[in-house]
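What follows is a set of notes on a single structure, which appears directly below.
2 protein chains.
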Amino acid sequence: MPERKPRKDATRNRAAVLAAADDLYARCASPEDVTMADVAAAAGVGKGTLFRAFGDRNGLIRALYQARLEPLGNSVEAGPPPLGPGTPPLERIPAVLDALLCFKLDNRRLALALEGAGGGSPYLAEHYERWHALLRAMVEGIPGFMGGDFTAHALLAATRADLVEHLAGQERVPREQLRADLAEFVRRVLGAGVLPG
Amino acid sequence: MPERKPRKDATRNRAAVLAAADDLYARCASPEDVTMADVAAAAGVGKGTLFRAFGDRNGLIRALYQARLEPLGNSVEAGPPPLGPGTPPLERIPAVLDALLCFKLDNRRLALALEGAGGGSPYLAEHYERWHALLRAMVEGIPGFMGGDFTAHALLAATRADLVEHLAGQERVPREQLRADLAEFVRRVLGAGVLPG
DNA sequence: TTGCGAAGCGGACCCGCGGTCCGTATCTTT
DNA sequence: AAAGATACGGACCGCGGGTCCGCTTCGCAA
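So the sequences go chain by chain: A and B. Each residue of the first sequence is one higher than the one before, counting from 1 in full-length UniProt numbering. Each residue of the second sequence is one higher than the one before, counting from 1 in full-length UniProt numbering.
Okay, here's the thing in structure tokens:
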């Protein structure tokens, strides 16, 4: 019953804002020098409209991120191997992490903005919860593997947006190098299987 | 020649500010609701004094952190095994990471404040550079181990302050559990030694 | 087509915070 | 004791996120 469909101008403006913000985040050097006023202006919209549509700064960033992330999310939830379900963990985990890394390489500022937002902790954003749950389930699908919860966190931490930004941006580590490094790291973590002792 | 010793009131005020800030950070729920004005007031000092002494917010946080971290830094640089030099990597790396984890458990808000500061990236703070270099050197001291640079980053990422805060604070994971989880993760990463293939 | 309530618009406005400035107070040195 | 250097402190500034409310636009119904 509550579902009233929004007015036409509202949806148009929402789209305009998303587009403008996307653009601004792509251009800017650092996420924090994209101000809400900037976004509103670039979208040809008042600040009131912007805040009405997205609640607050985080809302906007989350909406953007969500939109960008959707294809990847779909691939993981119901796509073909190696990303989709039905792939054995030892193959799927590296694939998912690699995809995540690539995503953050392709959406650096945005990912940075998202993780930097939320009061400083990425761990409250519900999308983190999803990735963590997925990874954890996969890790625990490896026979005899203990400590899946922490391992999932630690693996995700290896693809943190600011780390990616530091390596790819400041240190100029080439994309393929990073992917290879991550892949090897993951292999190490998973490769030992059940530890002796 | 440049070394002019500071005035007495200056050093006294500096100490007062550090003490007050330490206290405030210990009490507060989240680092960002400790304002500079708060610190100044709690120290019984004007804002001008505070900024003169520490430059800016980051300066203050870094100074605090540095002070707290010093003992650990010393232990690592020139202490007895297993933290000090001269310990074989496979023993020293877990020890150092465990010490780091414990430090962040004992100084949660402070560590959080530090990593959240610096324009959003912990990777610019020079103390990160030091830990990374140390870890990297140790990792590369393991015969045949490749990708030490990234591995060092990834291991440090597993002890990120906000992750620690999330697990210990929100999720109420007990301290010993966390230490054990980290230890096992580290063992996994290092345990494989040289990978086949 | 027109009328009319509701939904949405926009930008002036507010507030809190980091950081600066400068007249005044305090220390140190000779 | 006097003078110069150094530090103090809080009024002040600019900026950015978020709110408010009079006005516009939409869309339904007669």
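Beta carbons are placed, not taken as given, at the ideal position from N, Cα and C, and that holds for glycine.
To the nearest whole angstrom, what separates the beta carbons of arginine 160/A and glutamate 115/A, a pair I think is in contact under 8 angstroms?
That pair is a contact at about 7 angstroms.
Using only the alpha-carbon positions, how far apart do proline 89/A and aspartate 22/B sit?
Answer to the nearest angstrom: the Cα atoms are 45 angstroms apart.
Using DSSP with H/G/I as helix, E/B as strand and the rest coil, what is cysteine 28/A?
Here cysteine 28/A sits in coil by DSSP.
According to DSSP, is residue 199/B helix, strand or coil?
As shown, chain B starts at 1 and ends at 197. That puts residue 199/B outside it, with no answer to give.
On the three-state DSSP scale, how would you describe phenylalanine 145/B?
In the structure shown, phenylalanine 145/B sits in coil (DSSP, three-state: anything other than H, G, I, E or B).
Output the boundary residues of the alpha helix (DSSP H) element that contains asparagine 107/B.
First-last for asparagine 107/B: undefined, no H or E at that position.
Name the chain B residues whose beta carbon is nearer than 8 angstroms to that of methionine 146/A?
Per Cβ cutoff of 8 angstroms: Glu184.
Below 7 angstroms on C-beta distance, what does histidine 166/B contact in chain A?
Correct list: Ser121, Tyr123.
I believe valine 45/A touches leucine 24/A by the beta-carbon criterion, under 8 angstroms. Please report the beta-carbon distance rounded to the nearest angstrom.
Not a contact, Cβ separation roughly 13 angstroms.
So aspartate 106/A packs on serine 121/B, CB below 8 angstroms; how close in whole Å?
That pair is no contact at about 19 angstroms.
Between leucine 83/A and phenylalanine 103/A, how many whole angstroms is the CB-CB distance? I'm expecting something under 8 angstroms.
With 8 angstroms as the limit, leucine 83/A and phenylalanine 103/A do not qualify as a contact, their Cβ atoms being about 12 angstroms apart.
Using the beta-carbon count (16 or more within 10 Å), is glycine 86/B buried or exposed?
By the 10 Å Cβ count, glycine 86/B comes out exposed.
Indicate whether valine 139/A and leucine 155/A have their beta-carbon atoms separated by less than 9 angstroms.
The answer is yes: Cβ separation under 9 angstroms.
Cβ atoms of proline 94/A and leucine 167/A: under 9 angstroms apart, would you say?
It is not a contact, given that the beta carbons lie outside the stated cut-off.
Which same chain residues end up closer than 7 angstroms to aspartate 98/B when comparing Cβ atoms and leaving out the 5 residues on each side of it in sequence?
Here the set comprises Arg179, Leu182, Ala183.
Compute the beta-carbon to beta-carbon distance between alanine 63/B and asparagine 13/B, rounded to the nearest angstrom, for a pair I have assumed lies under 8 angstroms.
The Cβ separation is near 13 angstroms, so there is no contact.
The alpha helix (DSSP H) with glutamate 126/A in it runs from where to where?
Per DSSP, glutamate 126/A belongs to the alpha helix (DSSP H) from 126-140.
Below 9 angstroms between beta carbons is the criterion; list the residues of the region 129-154 of chain A that meet it against any residue of chain B, in chain order.
Those residues of the region 129-154 of chain A that come within reach of chain B (Cβ to Cβ, closer than 9 angstroms) are Met146, Gly147, Asp149, Phe150, Thr151, His153, Ala154.
Using the Cβ count rule (16 or more neighbours within 10 Å means buried), how would you classify aspartate 56/A?
Burial call: exposed.
Using a Cβ-Cβ cut-off of less than 8 angstroms, give me the residues of the region 13-46 of chain B that come near chain A, in sequence order.
Cβ contacts with chain A come from Ser30, Pro31, Glu32.
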